[in-house]
Amino acid sequence: MSIPFSDFGKRLRSPAIASLMSAALHDPDLLSLAAGFTDSSSLPVTAIGRAVRRLEERSGPPDHLQYGTNQGRPGLRRLLAGRIAALDGLGEKEADPDRVLVTNGSQQALYLATSVLCDPGDIVMVERPSYFVYLDMLRGKGARILDLPECEEGRLDLEAFGSLLAKLEASGEIRRVKIVYLESYFSNPTGLSRTVEEKEGLARVLAERGVRPVVIEDAAYRDLYFEEPFPATSVLALSAFGSMPCLYLGTLTKPYASGLKTGFGICSAPELLQRMLWLKSHHDFGTANFNQSLLEEILLEGGLDPQMAILRHKYRLKMEALDDALRSEGLDGLGWVWAKPLGGIYLWLRAPVGLDTRTDSAFWQACLEEKVIYVPGDLCYGDRPSSGRVRLSFGVLSPDQLADAASRFARAARKVAVPA
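In this note's numbering, the protein residues as written are 96 to 515.
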């Protein structure tokens, strides 16, 4: 049967995240270091139960079981705006809950913003490497992805960034730069964070070239530090971005309960927010009101911070467990290199020179034989992929399982080790 798909429909491919999550759920013998699931043993079952009972005991109509508003519950938006304002030292204007929209995870906010901003062929600039699920989305949209130039240690190379913009200006393509996408806090996949100096430098170079793209700052892992929060304020609080439209994205999925799938955006540009909301009304005319009501109760009762403290402790222990196990298995002695992150739920590994880690590689097949999977690093690059990187997630497996997974991963690495 021939179906006349749209150009967009024809561009779509099965997202990598779908197969990685499916594999983790359907093979009980497989240990997944791939999909970024959160720690199941720490999910706040008791706190959620208390919140449900409080909603049950309220007098009046059960509005938490009714439709909500397209933009999100006013009370939840006010609480979220207040939290970010407190983190960034923002004033009353910047903490305006009317700037906030509540979404079905921060992923939906990314989709809404990209959809109203980008036509096929428009340019989105991303970090190198970047969040591979967003890269998948951009390819489906027909966007042209350009990696932001970075130095060897992962810091932004602002001089090279200026040269890149100059080339785009000379070719007449600079008008097509629609989005600059940053993961400023314990990023996925590297675990790196962006300093204030890097962010302000980025804004300065854009201003010097007269470019005003929408700057999207994805702060999904901002709260998941191990010891100390990363000290840089968000783009919402930096005067260097005052003349640029900015969209800050946060979530209650990773730091609280992933099954509630509730994220949010704070937008400095009313016209962008309006169009995102128009499109959102085509999707769902409102994120699940019951989920929002539960989270509003949790925030009102001060329940978010204790849960995040539990997760920070758990994830630090899990990170140490995976790091220790990989080193005990001798992976670093085989030429693999990685650094311990200060937050998030991932290790970012560089394979020995010459070792291919893509899904059609001998190493990928060796890992499948050992019943362990990872995220191939080439998925995390825009215009210049690298075939020798691996992302390992320590979010969901227990420390004992992480040790087992590390042993399987190291066995696969020894099978295909590149001769010195």
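Ideal placement from N, C-alpha and C gives every residue a C-beta, glycine not left out.
- Distance from the Cα of L212 is smallest, within the candidate group L374, E278 and S127, for L374.
- Approximately 6 Å separates the beta-carbon atoms of L347 and L390; this is inside 8 Å, confirming the contact.
- Taking C-alpha positions only, L333 is separated from V300 by approximately 15 Å.
- Membership of L277 in the beta strand (DSSP E) is indicated by the continuous run V272 to L277.
- In the DSSP assignment, F458 falls within the alpha helix (DSSP H) that extends over A457 to E464.
- By the neighbour-count criterion, in which 16 or more other beta carbons inside 10 Å mark a residue as buried, E278 falls on the buried side.
- Distance check between G398 and each of L128, V140, S101 and D122 places V140 closest, using alpha-carbon atoms only.
- One alpha carbon belongs to V448, the other to G428, and they sit about 13 Å apart.
- Under the DSSP assignment, T198 falls in the beta strand (DSSP E) whose first and last residues are V195 to T198.
- Spanning the alpha carbons of P471 and R411 requires a straight line of approximately 23 Å.
- Only exposed fits P365, as fewer than 16 other CB atoms lie within 10 angstroms of its CB.
- Taking C-beta atoms under 8 Å as the contact rule, R106 and G237 qualify, at a distance of about 6 Å.
- Annotation note: the region 236–262 contains the following uninterrupted beta strand (DSSP E) runs of length 3 or greater, listed N- to C-terminal: 239–242.
- Each of R234, A261 and R289 was checked against the Cα of E245, and the nearest Cα belongs to R289.
- For F359, the enclosing beta strand (DSSP E) stretches over residues G358 to C362.
- W373: member of the alpha helix (DSSP H) spanning P365 to H378, first to last residue.
- The beta-carbon distance between I274 and V219, rounded to whole angstroms, is 4 Å. This is short enough to meet the 8 Å contact definition.
- Collapsing the DSSP output to three states places R486 in a strand.
- The continuous alpha helix (DSSP H) containing T141 extends over residues V140 to E152.
- Going by C-alpha positions, T452 is about 14 Å away from L128.
- In chain order, G381 place their CB closer than 8 Å to the CB of T164, counting only its own chain and leaving out the 5 sequence neighbours on each side.
- Here D134 has L406, K409, Y410, K413, G490 and V491 as same chain residues with Cβ atoms under 8 Å from its own Cβ, once five neighbours each way along the sequence are excluded.
- Sorting D379, L367, Q387 and V330 by C-alpha distance to the C-alpha of A352 places Q387 at the top.
- For G177, the CB contacts under 7 Å within the same chain, skipping 5 residues up- and downstream, are A190 in chain order.
- For A142, the closest C-alpha among the options G360, M232, Y320 and M403 is that of M403.
- With fewer than 16 neighbouring CB atoms inside 10 Å of its own CB, R307 falls in the exposed class.
- Leaving aside the five residues that flank L444 on each side, the residues in its chain whose CB is nearer than 6 Å to its CB run, in chain order, W431, W433 and V485.
- A Cβ-Cβ contact shorter than 7 Å links F385 with H159.
- V330 sits in a helix when the DSSP states are folded into three classes.
- Under the 8 Å Cβ criterion, the region 194–202 counts as touching the region 166–177, having at least three qualifying pairs.
- In chain order, L333 and A335 place their CB closer than 8 Å to the CB of E295, counting only its own chain and leaving out the 5 sequence neighbours on each side.
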